[in-house]
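Novice: In the working numbering, the protein residues as written are 1 to 349.
Just so it is clear, CB atoms sit at the ideal spot from N, CA and C, and this is done for glycine as well.
Submitted below is the structure of interest, expressed as structure tokens.
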Amino acid sequence: MKKCTNVRRTLALLMVVAMCAVLAGCGKEQKPAEDSSLGEAAAAKIAVVFASSGLGDKSFNDALYSGMEEAKSEMGIEWVYSEPKDDAEYEGLISGYADGGEYDLIICLGGSQSSSLENVAPNYPEQNFVILDAVVGGDNIRSYTWRDEELGFLAGILGAGLSASNTLGFIGAHDIPLCNLGAAGMIAGAHYVNPDCEVLVDYANGWAEVNGCYEIATSMNEQGASLIYHTASAGGLGILNAGREKGFLTVFFDGNLNGDAPDTNIASAIRDFPACAKEAVQDLIDGSFTAGSIVKGIAEDGVYLDFEGSAYEIPADVMNMYNEAVEAIKSGSLVVPATVDEAKTWSAS
């Protein structure tokens, strides 16, 4: 009888241990960056919630990861991160990091986290937040955005200057103002070079629609588009692949992938996510971190086209137009329109 009682006690103890393990597994997925132990000697402790398109997108998630690793090396920070699989996870992940109060800064990537951060931040007034690629108001939130229309403008200049068909293409992830900054800029840039140049515009309806972007890009090329630019996040990989396979030109967005299609991807449009993340972290370490909205463009060296790694040779006359436009934007003498409607009637004169 005593033996049976001991067995029952042992089984009960095992059940409790198992239940604890299951409950522990229900918490947020938190991944320390490589070699990070969140030690007390860190200059700052940072938590990052990546966009749901995930690491490996060769776009803004990977760019931010690179910036955080640079910050760890250069500034002595330690950081952890989460990769949500769905937008519905954002709010819980942000709250989870804020609950313990152990992180000096929580960084949220992408406009799709805006509403989640709006809901969470007021509950943690002493917690500092940064959101990249969106504007969210709050006394404890710093927002970074970029003048994406300037990148689109430069892509439009190159496309129109190189096109024999007078037709270009633009693909956005969604038909929203954020994505349409690139469309507005491209239309204006194309018309800056050639008022008769047409820009086809379409949307993938998702941030990681690689196959969908491939099909749209192929269709645009069949309609005469000789160069295609995008603000489709990871979906842009489909555009890059289509250009490489079909032989039309592309400009990638949010990461230098020139080397992946050196003969057809003539440049990559870069928004400097790493620099902005590092700026926020350095301000935090220096004690000068403030809330508010910060906008970066060509004048602030926050956006640029990167030609490194491309084997495509752009004619000198086209590059001259490009360089003149860069200088005009930088000086403020040329202001690129930020909406498609404005771009359609815009004139640089």
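Measuring only the C-alpha atoms, how far is Lys28 from Gly96?
Specialist: Low confidence applies to Lys28: its pLDDT is 41, below 50, so where it sits in the model is not reliable enough to give any reading.
Novice: Within 10 angstroms of the Cβ of Ile176, are there 16 or more other Cβ atoms? Answer buried if so, exposed if not.
Specialist: The residue in question, Ile176, is exposed, as its Cβ has fewer than 16 Cβ neighbours within 10 Å.
Novice: Answer yes or no: do Ala217 and Val340 have a C-beta to C-beta separation smaller than 7 angstroms?
Specialist: Not a contact, by the Cβ cut-off of 7 angstroms.
Novice: Out of curiosity, what's the CA-to-CA distance linking Lys278 and Ile46?
Specialist: Going by the C-alpha atoms only, they are around 11 angstroms apart.
Novice: Out of Gly101, Tyr214, Asp272, Asn258, state which residue places its alpha-carbon closest to the alpha-carbon of Glu308.
Specialist: Considering only alpha carbons, the answer is Asn258.
Novice: Nearest by alpha-carbon distance to Ile329: which of Ile314, Ala121, Ser310, Lys296 is it?
Specialist: Checked all of Ile314, Ala121, Ser310, Lys296; the closest Cα to Ile329 is Lys296.
Novice: Does the Cβ of Asp196 have 16 or more other Cβ atoms within 10 Å, making it buried, or fewer, making it exposed?
Specialist: Asp196 should be labelled exposed.
Novice: On the CB-based measure, 16 or more other CB atoms within 10 Å of its CB, does Thr345 come out buried or exposed?
Specialist: Its Cβ having fewer than 16 others within 10 Å, Thr345 is exposed.
Novice: Would you identify the three-state DSSP class for Leu257, choosing helix, strand or coil?
Specialist: Note: Leu257 maps to coil in three-state DSSP.
Novice: Which of the three DSSP states is assigned to Ile187 in this structure?
Specialist: In the structure shown, Ile187 sits in a helix (DSSP, three-state: H, G or I).
Novice: Using DSSP with H/G/I as helix, E/B as strand and the rest coil, what is Asn265?
Specialist: Residue state, collapsed to three classes: strand.
Novice: Between which two residues does the alpha helix (DSSP H) carrying Val80 extend?
Specialist: That residue, Val80, is in no alpha helix (DSSP H); its beta strand (DSSP E) goes 78-82.
Novice: At which residues does the beta strand (DSSP E) containing Arg350 begin and terminate?
Specialist: The shown model of the chain, from 1 to 349, leaves out residue 350, and the question about it has no answer.
Novice: Helix, strand or coil for Glu279 per DSSP?
Specialist: Helix.
Novice: Exposed or buried, what is Lys58 when buried is set at 16 or more other beta-carbons lying within 10 Å of its beta-carbon?
Specialist: By the neighbour-count rule (16 or more Cβ atoms within 10 Å), Lys58 is buried.
Novice: On the DSSP letters alone, give me the boundaries of the beta strand (DSSP E) that Ile171 sits inside.
Specialist: Where Ile171 is concerned, the enclosing beta strand (DSSP E) stretches over 167-172.
Novice: Taking the DSSP output, what are the residues bridged to Arg271?
Specialist: In the DSSP output, where bridge partners are listed per residue, Arg271 has Val303.
Novice: Under the three-state reduction of DSSP, which class applies to Thr250: helix, strand or coil?
Specialist: Of the three classes helix, strand and coil, the one that applies to Thr250 here is strand, per DSSP.
Novice: Report yes or no: is there a C-beta of chain B within less than 7 angstroms of the C-beta of Ser59?
Specialist: This model lacks chain B altogether; it includes just one protein chain.
Novice: So, with DSSP's three-state summary, where would you put Cys108?
Specialist: Three-state result, Cys108: strand.
Novice: Does the region 206-220 come within contact of the region 229-237, defined as at least 3 CB pairs closer than 8 angstroms?
Specialist: Yes, the region 206-220 is in contact with the region 229-237.
Novice: Given a cut-off of 7 angstroms, decide if Leu151 and Leu109 are closer than it, judged by their beta-carbon atoms.
Specialist: Contact flag unset, no.
Novice: Got a sec? Which residues, its chain only, sit under 6 angstroms from Phe253 by beta carbon, not counting five neighbours each side?
Specialist: Excluding residues within five positions, the ones whose Cβ falls inside 6 angstroms are His230, Thr231, Gly236, Ala269.
Novice: Pair every Cβ in the region 154-168 with every Cβ in the region 127-134, then say whether three or more of these pairs are closer than 8 angstroms.
Specialist: As far as the Cβ criterion goes, the region 154-168 does not touch the region 127-134, which means the pair count is below three.
Novice: Just to confirm my understanding: we take Gly189, look at its own chain, exclude 5 residues before and 5 after, and list those with CB closer than 6 angstroms. What are they?
Specialist: Excluding sequence neighbours, Gly189 sits near Phe153, Gly156, Ile157.
Novice: Do the region 83-101 and the region 112-127 make contact, defined as three or more Cβ pairs closer than 8 angstroms?
Specialist: Touching, yes.
Novice: Which residue or residues does DSSP assign as beta-bridge partners of Gly292?
Specialist: Note: Gly292 sits in a beta bridge opposite Arg142.
Novice: Report the option in Tyr81, Val80, Val49, Ser73 whose CA atom is closest to the CA atom of Ala88.
Specialist: Selected option, being the one with the closest Cα: Val49.
Novice: Please state whether the Cβ-Cβ distance between Ala225 and Leu200 is less than 7 angstroms.
Specialist: Their beta carbons are under 7 angstroms apart, which means Ala225 touches Leu200 by this criterion.
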